[in-house]
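K.L.:
Quick note, the sequence shown lines up with residues -19 to -1, 1 to 91 if you use mature numbering (1 follows the signal peptide of the UniProt record, and there is no 0).
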Amino acid sequence: MRALYLSLLMAALANFAQAEGLSCFDPQDDAKPANDVQKKVLEQSKKRAANLCGQASAQCQLRLLEADRGELHVTVDMAFVDKGRCLVPIDARRTEVYSINGRFLYRMPL
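Next comes the structure, spelled out in structure tokens:
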């Protein structure tokens, strides 16, 4: 019985160690700018989200969408790694809206 508990403890510790490199988002969903305006917009959004995304346990993903009215929307998703799990707070997503020229218009918390 003691060996069973010891093996379970070792497995839990091994999983915890692997969780240090845990990724909460699929890297294929990352935004890929198609032109200079989209690149500028993504850089601005990264700067705006730097205070949250720069935390040690935080992970962020930016997605770029083109709206019907010619606006560019950048969705910023946030998650935090805690004890080998990805925790997503209720207010962890926001969308920043930019003009077609790359000028910041407003932010929508979702």
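Cβ coordinates follow ideal geometry from the N, Cα and C atoms, glycine included. Remember, predicted model here, so these are calculated numbers, not experimental data.
For Q42, I'd like the list of residues in its chain whose CB is within less than 7 Å of its CB, leaving aside the five on either flank, ordered along the chain.
P.N.:
Cβ within range, chain order: F6, D10, D11 and D58.
K.L.:
If you draw a straight line from the C-alpha of R75 to the C-alpha of M89, how long is it?
P.N.:
Taking the straight line joining both Cα atoms gives about 6 Å.
K.L.:
Tell me the DSSP secondary structure of C5 in three-state form.
P.N.:
In this structure, C5 counts as coil in the three-state DSSP scheme.
K.L.:
Under the rule that 16 or more other beta-carbon atoms within 10 Å means buried, what is A37, buried or exposed?
P.N.:
The residue in question, A37, is exposed, as its Cβ has fewer than 16 Cβ neighbours within 10 Å.
K.L.:
On the DSSP letters alone, give me the boundaries of the alpha helix (DSSP H) that E52 sits inside.
P.N.:
Neither: E52 is in no alpha helix (DSSP H) and is coded neither H nor E.
K.L.:
Quick one: what does DSSP say Q25 is sitting in, helix, strand or coil?
P.N.:
Helix at Q25.
K.L.:
Answer yes or no: do Q19 and L46 have a C-beta to C-beta separation smaller than 8 Å?
P.N.:
It is not a contact, given that the beta carbons lie outside the stated cut-off.
K.L.:
Ends of the alpha helix (DSSP H) at N32?
P.N.:
From DSSP, the alpha helix (DSSP H) with N32 extends over A31 to C34.
K.L.:
By a C-beta neighbour count over all protein chains shown, 10 Å radius and 16 as the cutoff for buried, is E77 buried or exposed?
P.N.:
E77 should be labelled buried.
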